[in-house]
Amino acid sequence: MTEKLLQYLWNYKIFKDFNFRDTEGNPVEIIHFGKWNKDAGPDFLNAQIKIKEMLIAGNIELHIRSSDWIFHHHSQDPNYQNIILHVVYQNDAEIDDLSSKNVPTLELKDYIDQNILWKYEKLINGTQFIPCENIFNPDLIPVNFHESNILKKLDEKSLELEKNLEQYKNNFEAVLFHSLAYSFGLKVNAHIFRQIAESLDFSVVNRIRQNSSQLEALLFGISGWLDSPADAQMLIWKREFEFIRKKFGISELKFRPRFLRLRPPNFPTLRLSQLADLYGKHQNLFSKIIKAENTDELYEVFAPVKASDYWDFHFNFGNISKYQPKTLSRDFIELVILNTVLPLKYTYHKYYQEEITDEILDLYKKSVAEKNTITSGWKKLRLQAKNALESQSLIYHYNNYCELKNCLACGIGLKLLKE
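In my numbering, the protein residues as written are 48 to 466.
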């Protein structure tokens, strides 16, 4: 038993029966269990109980043992002066301070099903894909489970984007550029690509984007790849970069992307070239993304993008390879749409107080489900994602609840414990 679990059981009223009696044998009727307080102070606020024919309102404090009241120094804390009930798992000591104020103590040990404690122990000590794997039942998925997860994710992402907007004076175009750079970097280079994008004043990107070769040279130069040209094309990029750097006062700071453990199609050389081509092809990229009404329109924005002609015969500088145009795969485009475009659309309409929740959820539903180790793990538990709404939801839930063993905050965990 943990104090967190005890609070959880009290909040969700998970007991064998409610014929409570205090440690003196007096019947205690809980009129209102109180509001769970996650901040400092008593655990449950504004509760109501009836004892000895008296209706009493105030706060409730929970402990594993009654002696914890002493160890936590609550008697000296003014926040605990309005306690009307001391709820404990085990009553191991008489608390004089509470007795003198006629505050009853309720021992819960006999009111809690021991099977719940066994289940919880299994959850927090489990080493499977998800803590509840051995007792998981897909039929216990709460109503609107996926929609709720996606909205939580969007709201969290929106808060992050709003901070960036504040930093960049509500310049949605700049924030889009930073976010796309992050996505194009994938897991290995995401933060480095964002640093590259944020090191530039977006007005510079706007001024040279019509010439994607110049933007490509700028990104390559900041990456530190043009210091020692290996062929004629690199010399051209180097000259372009030096011209742009002097013209716009670009910092000499370099950010060096990584190649380690990357498949050649995901090399940072190709991804930065593709990012430059995306901005070269769309002078009003942000506007197109915001106005897009369906996933097909969003896909059409990214489908024509490819790395420059040099990369048709290269994966890295100076090393010639077999001819292969380096276009964006459909999987990559869908990843960018799900993780960058849709959160930004949501934030944009939220910023202007325009309701778009249903439309955004519909866009997720009409996108293809992702396939990765997390969605494969859920599939083995008979929970297969049929679309991106469900796959994104399952990935979010795994990362924020299952992996952290945050079972007491999980809707599935609540149903499993109640069963």
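Ideal placement from N, C-alpha and C gives every residue a C-beta, glycine not left out.
| Item | Value |
| --- | --- |
| Status (buried if at least 16 other CB within 10 Å, exposed otherwise) for residue 360 | exposed |
| Simplified DSSP state of residue 194, which is helix, strand or coil | helix |
| Residue 91 in three-state terms, based on DSSP | strand |
| Range of the contiguous beta strand (DSSP E) that encloses residue 106 | 101 to 112 |
| Euclidean distance between Cα positions of residue 79 and residue 198 | 30 Å |
| Under the three-state DSSP convention, the category residue 97 falls into | strand |
| Closest residue to residue 310 among 296, 328, 233, 381 (Cα-Cα distance) | 233 |
| Contact belief for residue 223 with residue 333 at Cβ below 8 Å, rounded distance in angstroms | 5 Å |
| Distance between residue 250 and residue 412 (C-alpha atoms, nearest Å) | 36 Å |
| Same chain, Cβ closer than 8 Å to residue 326, neighbours up to 5 away in sequence not counted | 224, 252, 256, 259, 262, 332 |
| Sequence-distant residues of its chain with Cβ nearer than 6 Å to residue 292 (five each side left out) | none |
| Among 89, 392, 226, the one whose alpha carbon lies nearest that of residue 342 | 392 |
| Residue environment, residue 422, which counts as buried when at least 16 other CB atoms sit within 10 Å | buried |
| Residue 304 - partner residues in DSSP beta bridges | In DSSP, residue 304 forms no bridge with anything. |
| Residue 261: first and last residue of the uninterrupted alpha helix (DSSP H) it sits in | 259 to 269 |
| Nonlocal neighbours in the same chain, by C-beta distance under 8 Å from residue 205, ignoring five residues either side | 390, 393, 394, 397 |
| Same chain, Cβ closer than 6 Å to residue 58, neighbours up to 5 away in sequence not counted | 83 |
| Reference residue 417; option with closest CA among 408, 429, 436 | 436 |
| Coarse secondary structure for residue 77, derived from DSSP in three states | strand |
| Three-state class that DSSP yields for residue 366 in the structure shown | strand |
| Which residues DSSP lists as bridging residue 137, in chain order | 112 |
| Selection from 337, 365, 372, 364 that minimises the alpha carbon distance to residue 351 | 372 |
| Residue 56 versus residue 66: straight-line alpha-carbon distance, rounded | 16 Å |
| Run of the alpha helix (DSSP H) containing residue 70, from where it starts to where it stops | Per DSSP, residue 70 belongs to no alpha helix (DSSP H) and is neither H nor E. |
| Neighbour-count burial assignment, residue 216, 16 or more Cβ in a 10 Å radius | exposed |
| Residue 381, enclosing alpha helix (DSSP H) - first and last residue | 377 to 383 |
| Collapsed DSSP secondary structure at residue 413 in the structure displayed | coil |
| Span of the beta strand (DSSP E), counted from its first residue to its last, around residue 152 | 152 to 154 |
| Contact check, residue 144 vs residue 113, beta carbons under 8 Å | no |
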